[in-house]
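First the structure, in the form of structure tokens, and then the observations on it.
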Amino acid sequence: MQILVAIGIVFLALSLWPIRRIIQLVRGGSLRRQWIALGVLIVGFIIGYAAFLAVRPSGGPTLITLIVETILFGGSIFVFIVTRLSLTTTTDVVRIASLERDALVDPLTGVFNRRYLTMKLDEEVSRARREGHPLATLMFDVDHFKHVNDVYGHAIGDIVLRHISSLLVQKARLSDTVIRYGGEEFVIIAPNSSEAEAAALGMRLIEEIAMAPVSLPDGETLSVTASGGAAALPTQGTAEMMLRDADHALYRAKREGRNRLLAASQPS
């Protein structure tokens, strides 16, 4: 019956491949370390199985050795099945998570899309109400974007949008969330920020956009500007009201000359 233990070693060795794939799929964190530890443990089992074969008494099998060898064989089968099922489950979870993320991310710019905005705003409004913290939003619109598309083409327009979204992500705070609202409009959710604080951040971002020309494929550069509006969550208001106020402030900034940001509470 030594053959059972030898086959068990083979199944344990085969179990290392699913674990290796899982470690590749789980990119970091404690979960990855736990799977690495499990792989090391299985290697220890293989060594233990081999040691059992080495010290097993010669001669015919006894009832005790038969029971032990059967248990070891069954254990190796169990480990193999569990690791295979774990790989299947992990692969499905990663695939579903990737699909969900793709559904929430704008494919052109790589920032979150409008669908995510609704979810994130609900989450941040609930947190702001619960913890008593302020919440604000910024809305930006690329100035004369239609002119850019008409003169330079939509491919250059896409480059401009990617440039601005990248700039917003780099220059915004870590706690902020950058979202492509649609077309050439972007929204930033600014937790723990009053309207004045959000407006100061927004004005800095407007200046950053104006000072950072877009690099074009032919080596030339294109200067672009943006306008913005800032609004805070009203005391008894909703996320929709906050977005509406930011949108109104944005279009006031457009009417007043562009390349600027206005706060919703600023008088006309």
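The number in our numbering is simply the position in the sequence shown, starting from 1, with 169 added.
Ideal placement from N, C-alpha and C gives every residue a C-beta, glycine not left out.
> Looking at the C-beta of Val224, does it have a partner C-beta in chain D at a distance below 9 Å?
Replying inline: In summary, chain D is missing from the structure at hand, where a single protein chain is found.
>> For Gly213 and Thr287, what's the separation of their Cα atoms in angstroms?
In response: Within the sequence shown, numbered from 1, the residue matching residue 213 stands at position 44. Within the sequence shown, numbered from 1, the residue matching residue 287 stands at position 118. Straight-line Cα distance between these residues: approximately 50 Å.
> Straight-line CA distance for Val383 to Val329?
Replying inline: Reading the sequence shown from its first residue, position 214 is the one you call residue 383. Reading the sequence shown from its first residue, position 160 is the one you call residue 329. Roughly 6 Å separates the two Cα atoms.
> In three-state terms, what does DSSP make of Leu391?
Replying inline: Mapped onto the sequence shown, residue 391 falls at position 222. The answer is strand: DSSP assigns Leu391 an E or B state.
>> Need the endpoints of the beta strand (DSSP E) that Phe477 sits in, please.
In response: Lying before the first or after the last residue shown, residue 477 is absent from the chain, which here runs from 170 to 437.
> Pairing CB atoms from the segment 196–206 with CB atoms from the segment 228–243, are three or more of them under 8 Å?
Replying inline: no
>> Can you confirm whether the segment 391–401 touches the segment 410–419 when touching is taken to mean that 3 or more C-beta pairs between the two stretches lie within less than 8 Å?
In response: yes
> Just checking, does the segment 334–344 make contact with the segment 286–303 on the three C-beta pairs under 8 Å criterion?
Replying inline: no
> Whose C-alpha, out of Pro303, Ile240, Thr260, is nearest the C-alpha of Gln193?
Replying inline: For the purposes of this step, residue 193 is taken as the residue at position 24 of the sequence shown. Selected option, being the one with the closest Cα: Thr260.
> Does the distance from the CB of Glu364 to the CB of Ala408 come in under 9 Å?
Replying inline: Here residue 364 corresponds to residue number 195 of the sequence shown, with the count starting at 1. Here residue 408 corresponds to residue number 239 of the sequence shown, with the count starting at 1. Not closer than 9 Å, so no.
>> Short of 7 Å in beta carbon distance, which residues of its chain neighbour Ala359, apart from the five on each side in sequence? Order them along the chain.
In response: Here residue 359 refers to the residue found at position 190 when the sequence shown is read from its first residue. If we look at Ala359 and ignore the five residues flanking it on each side, its Cβ neighbours are Ala305, Thr306, Leu307, Asp345, Ala367, Leu370.
> Which ranges would you report for the alpha helix (DSSP H) in the segment 358–417 if only whole runs of at least 4 residues count?
Replying inline: 364–380
> Within 10 angstroms of its Cβ, does Glu425 collect 16 or more other Cβ (buried), or is it exposed?
Replying inline: For the purposes of this step, residue 425 is identified with residue 256 of the sequence shown, where counting begins at 1. So Glu425 counts as exposed.
>> If distances are taken between C-alpha atoms only, which option among Ala418, Ile178, Gly198, Asp312 comes closest to Gly326?
In response: For the purposes of this step, residue 326 is taken as the residue at position 157 of the sequence shown. Of Ala418, Ile178, Gly198, Asp312, the residue nearest in Cα terms is Asp312.
> What residues in its chain sit with their C-beta under 6 Å from that of Asn361, if we drop five residues either side in the sequence?
Replying inline: Position 192 of the sequence shown, counting from 1, holds the residue named residue 361. The residues are His302.
>> Between which residues of its own chain and Gly191 is the CB-CB distance below 7 Å, once the five residues before and five after are set aside?
In response: Translated into the one-based positions of the sequence shown, residue 191 becomes position 22. Before going further, note that residue 191 is Ile rather than Gly in the sequence given. Closer than 7 Å at the Cβ level, and outside the excluded window around Ile191, lie Trp204, Ser255, Leu256, Thr259.
>> Going by C-alpha to C-alpha distance, which of Arg298, Asp387, Val280, His316 sits closest to Pro403?
In response: Here residue 403 corresponds to residue number 234 of the sequence shown, with the count starting at 1. Answer by Cα proximity: Arg298.
> With contact counted as at least three CB pairs below 8 Å, one residue from each stretch, are the segment 235–245 and the segment 177–189 in contact?
Replying inline: yes
>> What does the Cβ neighbour count give for Ile333, buried or exposed, with the cut at 16 atoms within 10 Å?
In response: Translated into the one-based positions of the sequence shown, residue 333 becomes position 164. Ile333 should be labelled buried.
>> Give me, in chain order, the residues of the same chain whose beta-carbon lies closer than 7 Å to that of Ala219; leave out the 5 immediate sequence neighbours on both sides.
In response: Indexing the sequence shown from 1 puts residue 219 at position 50. Excluding residues within five positions, the ones whose Cβ falls inside 7 Å are Ile178.
> Alpha carbon to alpha carbon, how far is Arg196 from Val263?
Replying inline: Residue 196 sits at position 27 when you count from the first residue of the sequence shown. Residue 263 sits at position 94 when you count from the first residue of the sequence shown. Spanning the two alpha carbons is a distance of roughly 11 Å.
> To which residues of the same chain is Arg283 closer than 8 Å at the C-beta, ignoring the five residues directly before and after it?
Replying inline: Walking along the sequence shown from the start, residue 283 turns up at place 114. Correct list, in chain order: Ile348, Arg349, Tyr350, Gly351.
> Apart from the five residues just before and just after Arg419, which ones in its own chain have a Cβ nearer than 7 Å to its Cβ?
Replying inline: Mapped onto the sequence shown, residue 419 falls at position 250. It should be noted that the sequence gives Leu, not Arg, for residue 419. For Leu419, where only same-chain residues beyond five positions count, the Cβ hits under 7 Å are Met308, Asp310, Ser396, Gly397, Gly398.
> How would you label Thr278, buried or exposed, when you count the other beta carbons within 10 angstroms and need 16 or more for buried?
Replying inline: Residue numbering aside, residue 278 sits at position 109 when the sequence shown is read from its first letter. Taking a 10 Å sphere around the C-beta of Thr278, we find 16 or more other C-beta atoms and assign the residue as buried.
> Closest by CA to Phe314, which one among Tyr285, Val280, Glu353?
Replying inline: Residue numbering aside, residue 314 sits at position 145 when the sequence shown is read from its first letter. Checking every option, the nearest Cα to that of Phe314 belongs to Glu353.
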